[in-house]
Each structure stands twice: as structure tokens, then as C-alpha cells.
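**Q**
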Amino acid sequence: MTKYNLYRSPNGISLNGREYALDDDGNVRLFDTKKELLEFIADTEGFSYITEDSLEETFGSYIGIEGEDDE
Numbered sequence: 315m316t317k318y319n320l321y322r323s324p325n326g327i328s329l330n331g332r333e334y335a336l337d338d339d340g341n342v343r344l345f346d347t348k349k350e351l352l353e354f355i356a357d358t359e360g361f362s363y364i365t366e367d368s369l370e371e372t373f374g375s376y377i378g379i380e381g382e383d384d385e
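Okay, so the sequence shown: first residue is 315 according to our numbering, each after it adds one.
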């Protein structure tokens with residue numbers, strides 16, 4: 315089953331690698347669907363909803379697929 319993660323590049327520089335959203339135990343937070351991920355970030359940030367495009371534009375964050383290699 316595909317799982318999704320939330321990440322950003324520190325200081326907006328992709329050469330710095332990826333910084334992931336973590337769960338309470340310090341592990342990469344995984345979501346079953348993109349919708350679940352977007353609802354989580356909207357709730358966390360106090361928005362009624364967030365689209366994948368606005369996630370990138372507003373927060374500089376992206377949706378990744380768990381196990382996908384950095385390119």
C-alpha cells in the first residue's frame with residue numbers, strides 16, 4: 315500500500331536534502347492518502363482546506379511517496 319509523507323528542503327535549497335514532518339515518536343509521519351495529509355496540514359495550520367499547489371506555494375512543502383528515492 316502506498317503511503318505519503320510531507321517534506322520540505324531546509325532554507326528552500328534542494329541540495330540540503332529533505333526535512334520530514336515527524337510523528338510524536340520522531341519517526342517520519344506517514345499518511346494513507348494525499349487527502350489525509352492535506353487535511354492534517356490544514357488543521358495544524360488553522361486553514362479550512364489546503365490544495366497540493368497551495369502546500370507548495372504557501373509552505374514550500376511537498377508530498378512524497380514513502381520509499382521513493384531522492385532524485
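Here a beta-carbon is modelled for each residue, glycine too, at the ideal position from N, C-alpha and C.
The structure presented is a predicted model; accordingly, all values stated were derived computationally and were not measured.
Let's test the definition: count the other Cβ atoms within 10 Å of the Cβ of F345 and tell me whether it reaches 16, buried, or not, exposed.
**A** buried
**Q** Please report the straight-line C-alpha distance between N325 and S375, rounded to a whole angstrom.
**A** 11 Å
**Q** Please name the residue, chosen from E366, G360, D338, D339, that lies closest to L351 on a Cα-to-Cα basis.
**A** Comparing Cα-Cα distances from L351 to each of E366, G360, D338, D339, the minimum goes to E366.
**Q** Pick helix, strand or coil for N319, following the three-state DSSP scheme.
**A** strand
**Q** What three-state label does DSSP hand S328 in the structure shown?
**A** helix
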